[in-house]
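Q: To start, I am sharing the structure in question, which I have written as structure tokens.
Numbering (this note's numbering), first residue to last: 21 to 311.
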């Protein structure tokens, strides 16, 4: 009825030709949306995902996605190739920073999502004990099926189901902005990590967030971060660790997931920040290394 009312309004106020153009644009956009949806299903099915998992991935794509699947040549609405690369490039950075560590890594991935991070790191380091924890039972089930090299546990990041000091690497990307109680979250990361652990985090930088009630995501952004806030939080919870910051922007060059093991330099779009107070480039995401 709303569409009919709008059509009558255009016809009355503007005439038949504007109504024709408006109707054409409406039908075009609807057909394009259905086309992209069908293509997304076809591509994800081609890459070996069950139909129920394809439907779940598309429905959940705003909150979590599988960054390692999707066409490299065909633009589909799930999400773009550059957007997926931004996600798996963060894990590539972790794999690179692990190379100079002599002991075997026992990794905890907090809010691990669909679990693809374990596959990225396994391309460079096969003998790791990878533990993935996420609040979503569906995400853990998906990861167990398609990325079985990790151990998956359903858990809340404010009460992680692990013993004290049992990990020497913790990864938690794009998580802090969703967490209601930042101090409880960071205390849990510290509790589960040993004294020599490396901790990798990432957050949107200086983001302008909407009211959580208006945010349509299942897990809305609750906090915004700048260097001052990050320094305060990290120095409080990790006073004995050196903090390094890396800026991340959408990459110009995308290296496919199958070729990640060949990367020997920082992935495109990631740059170490030597002096945060003097860094003037636009930053979309900050990656944090506490070591």
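Beta carbons: idealized from backbone N, C-alpha and C, even for Gly.
1) Assuming residue 159 and residue 134 form a contact by the criterion Cβ under 8 Å, report the distance between their Cβ atoms to the nearest whole angstrom.
2) For residue 54, which three-state DSSP category applies?
3) Can you grab the Cα-Cα spacing for the pair residue 51 / residue 79, in whole Å?
4) When you compare the CB of residue 208 with every CB in chain C, is at least one pair closer than 8 Å?
5) Just to check my reading of the structure: residue 115 and residue 140 have Cβ atoms closer than 8 Å, yes? What is that Cβ distance to the nearest angstrom?
6) Counting along the chain, where does the beta strand (DSSP E) carrying residue 220 start and finish?
7) Tell whether a beta-carbon distance below 8 Å holds between residue 127 and residue 150.
8) What first and last residue would you give for the alpha helix (DSSP H) that runs through residue 160?
9) Along the chain, where does the beta strand (DSSP E) containing residue 172 start, and where does it finish?
10) Residue range of the beta strand (DSSP E) that residue 187 falls in?
11) In chain order, what residues of the same chain have a beta carbon less than 7 Å from the beta carbon of residue 210, not counting five sequence neighbours either side?
12) For the putative contact between residue 74 and residue 65, defined by C-beta atoms under 8 Å, what is the C-beta separation to the nearest angstrom?
13) Excluding five sequence neighbours on each side, which residues of the same chain lie with their C-beta closer than 7 Å to the C-beta of residue 145?
14) Name the residue from 243, 254, 169 and 41 whose alpha carbon lies nearest to the alpha carbon of residue 206.
15) Compute the beta-carbon to beta-carbon distance between residue 41 and residue 69, rounded to the nearest angstrom, for a pair I have assumed lies under 8 Å.
16) Where residue 326 and residue 142 are concerned, what is the direct C-alpha to C-alpha distance, given to the nearest angstrom?
17) Anyone know if the C-beta pair for residue 129 and residue 137 falls short of 8 Å?
18) Taking its Cβ as the centre, do 16 or more other Cβ atoms sit within 10 Å of residue 261, making it buried, or is it exposed?
19) On the premise that residue 131 lies in contact with residue 154, defined as a C-beta separation below 8 Å, what is that separation, rounded to the nearest angstrom?
20) In its own chain, which residues sit with a C-beta less than 6 Å from the C-beta of residue 264, not counting the 5 before and 5 after it?
21) Give the straight-line distance between the Cα atoms of residue 188 and residue 59, rounded to the nearest whole angstrom.
22) Of all the options 100, 296, 269 and 301, which has the alpha carbon lying nearest to the alpha carbon of residue 287?
23) Per DSSP, which one or two residues make a beta bridge with residue 150?
24) Measuring CB to CB, does residue 289 end up less than 8 Å from residue 277?
25) At the level of alpha carbons, what is the spacing between residue 53 and residue 252?
26) Can you check whether the CB of residue 191 is closer than 8 Å to the CB of residue 177?
27) When the Cα of residue 157 is compared with those of 173, 218 and 167, which residue comes out closest?
28) Which stretch, first to last residue, makes up the beta strand (DSSP E) that contains residue 309?
A: Here's the rundown:
1) Contact check for residue 159 and residue 134: beta-carbon distance about 6 Å, within the 8 Å limit, so the pair qualifies.
2) helix
3) 19 Å
4) Among the protein chains of the structure shown there is no chain C, as only one such chain exists.
5) 7 Å
6) 213-224
7) Yes.
8) 157-166
9) 171-174
10) 187-193
11) 257 and 258
12) That pair is a contact at about 6 Å.
13) 115, 118 and 125
14) Selected option, being the one with the closest Cα: 254.
15) That pair is no contact at about 39 Å.
16) Not covered by the structure: residue 326. The range shown for the chain is 21 to 311.
17) In this structure, residue 137 lies closer than 8 Å to residue 129 by Cβ.
18) buried
19) That pair is a contact at about 6 Å.
20) Result list for residue 264: 309, in chain order.
21) 42 Å
22) 269
23) 127
24) No; because the gap between Cβ atoms is not below 8 Å, this pair is not in contact.
25) 44 Å
26) no
27) 173
28) 305-310
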